[in-house]
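Asker: Numbering-wise, the sequence shown is residues 22 to 355 according to our numbering.
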Amino acid sequence: MICSSENLVLFISSVLLSGPDSNPTWRKIRGSRHLPQDLMSFVQIKKGSVPSQMQATGMQSGDGVYGGWSFSDSTADASRYVCSFAFNAKDNLNRPIILTAAHCANNPRIYYQRSGVPHWVSLTFEKEWIGPGTKYDYQFHRTDGLNNGAWVWFDNGPGKIDFKGFRPSDDHTLDSSKNIIASQSAEGYYAVKGTWGYYDQKVGQVLCKSGRSTGLTCGQITHGYYTFNGIKGWIETGLSSAFIYAVSGDSGGAVFTEPTTAGGIKAAGIVTAATIHDPTRNAKGEVNFSGDERPCLPFMEGNSSYPDVGPDCKMIHMPIDYVDDQQLITIVTQ
22 MICSSENLVL
32 FISSVLLSGP
42 DSNPTWRKIR
52 GSRHLPQDLM
62 SFVQIKKGSV
72 PSQMQATGMQ
82 SGDGVYGGWS
92 FSDSTADASR
102 YVCSFAFNAK
112 DNLNRPIILT
122 AAHCANNPRI
132 YYQRSGVPHW
142 VSLTFEKEWI
152 GPGTKYDYQF
162 HRTDGLNNGA
172 WVWFDNGPGK
182 IDFKGFRPSD
192 DHTLDSSKNI
202 IASQSAEGYY
212 AVKGTWGYYD
222 QKVGQVLCKS
232 GRSTGLTCGQ
242 ITHGYYTFNG
252 IKGWIETGLS
262 SAFIYAVSGD
272 SGGAVFTEPT
282 TAGGIKAAGI
292 VTAATIHDPT
302 RNAKGEVNFS
312 GDERPCLPFM
322 EGNSSYPDVG
332 PDCKMIHMPI
342 DYVDDQQLIT
352 IVTQ
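Right, dumping it as structure tokens:
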């Protein structure tokens, strides 16, 4: 949720991990999301006596759900998405769930296109924790019957920025190449190998996130006891080389440790908030910029500073182990 051109943009990353779909013809909205061949053997289609009211509505055989995917709050527009998923998990009764931010919609809908026949799948909301003066911003949904696993999708390609800014001239999609991390593949799935809780996260460590709007971005922990929503306990990251670190639509996305060379990660949190700036206005409110400058920089076109934002883009996330404070939730790992 974007508050204003000079305020925080709310994001929350999910705490659940899901695995790739087994059907090689499956496509997710706005791009192919084929299951890597080496992951086929991990896919299982589970059948059992799950209460029918908890089954995903509209589900077809072979459908799945994974961290890093986006979802909509409506079936009216296949191009409309509002937030991202983080990780697949199990609730206290060992039932499959997936996590996202609590400030996101409670009625996530996922768009699939298999063999040219599109369809929507609606998940069943179970619980959420959020409110002023709390350090929580997460919800989870039942995923009975859907393929899932310890995988987080990431997009590191040249077209991954899906953000046009606060004005028509802010077409940041033209700057997508500036968000690419050269050491990582253009797209794929990371394997979730474990969790990385609050006390594991130290200032200076590199953490990454996967979200729908800006894809894969990484930064360093700059504050390990950040005050947000009126309470301490959040983690702030920054010092990112990304053109846009995070923005609306990345909410609920997965935050995780820096990927290993083998593609392994540890679940670290849920994207909660980020700073972003409107590049078309200077500190005096003058509209004299081209819209091509990186948001959050202290100087735009060399003639304007933004003391309210400072020299660095920031992102805030809820540590992953906070999901255990209300009830036992187990992140799916390999």
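In this text, a Cβ means the ideal position worked out from N, Cα and C, and glycines have one as well.
All figures in this text were calculated on a predicted structure; none of them were measured in a lab.
1. Taking only three categories from DSSP, how would you classify Leu114?
2. Considering only C-alpha positions, which residue in the set Asn113, Asp112, Trp90 and Gly284 is nearest to Tyr102?
3. Can you look up Ile341 in the DSSP assignment and give me helix, strand or coil?
4. Return the chain-ordered list of same chain residues with a C-beta closer than 6 Å to the C-beta of Lys335, the five sequence neighbours on each side being excluded.
5. Give me the DSSP bridge partner(s) of Met336.
6. So, is Val138 buried or exposed, given that buried needs 16 or more other C-beta atoms within 10 angstroms?
7. Just verifying my parser: in three-state terms, what is the DSSP assignment at Arg51?
8. Which same chain residues end up closer than 6 Å to Lys156 when comparing Cβ atoms and leaving out the 5 residues on each side of it in sequence?
9. Measure from the alpha carbon of Asn168 to the alpha carbon of each residue in Asn109, Gln160 and Val213, then state which is nearest.
10. How about Ala366 and Gly240: are their beta carbons less than 8 Å apart?
11. Can Pro179 and Ile202 be called in contact, C-beta distance under 8 Å?
12. Tell whether a beta-carbon distance below 8 Å holds between Ile265 and Phe184.
13. Under 8 Å, with one C-beta from each stretch per pair, do the stretch 214-229 and the stretch 75-87 reach the 3-pair mark?
Answerer: A quick look at the data gives this:
1. Sequence index remark: in the sequence shown, residue 114 carries index 93 (1-based). Three-state DSSP puts Leu114 in coil, outside helix and strand.
2. The residue given as residue 102 occupies position 81 in the sequence shown. That would be Trp90, whose Cα lies nearest to the Cα of Tyr102.
3. In the sequence shown, residue 341 corresponds to position 320, counting from 1. Reduced to three states, the DSSP call for Ile341 is helix.
4. Counting from 1 along the sequence shown, the entry for residue 335 is found at position 314. Glu257, Gly259 and Thr296.
5. Stepping through the sequence shown from its first residue, residue 336 is reached at position 315. Answer by DSSP bridge pairing, in chain order: Thr258 and Ala295.
6. Here residue 138 refers to the residue found at position 117 when the sequence shown is read from its first residue. Exposed: under 16 other Cβ atoms inside 10 Å.
7. Here residue 51 refers to the residue found at position 30 when the sequence shown is read from its first residue. Caution applies to Arg51, whose pLDDT of 29 falls short of 50 and renders its modelled position unreliable; the model cannot decide the point.
8. If you number the sequence shown from 1, residue 156 lands on position 135. Contacts found: Ile252 and Gly254.
9. In the sequence shown, counting from the first residue as 1, residue 168 sits at position 147. With distances taken between Cα atoms, Asn168 lies closest to Asn109.
10. Because the chain spans 22 through 355 in this model, residue 366 falls outside it and cannot be assessed.
11. Here residue 179 refers to the residue found at position 158 when the sequence shown is read from its first residue. Here residue 202 refers to the residue found at position 181 when the sequence shown is read from its first residue. It is not a contact, given that the beta carbons lie outside the stated cut-off.
12. Within the sequence shown, the letter at position 244 stands for residue 265. Within the sequence shown, the letter at position 163 stands for residue 184. Yes. Within cutoff.
13. no
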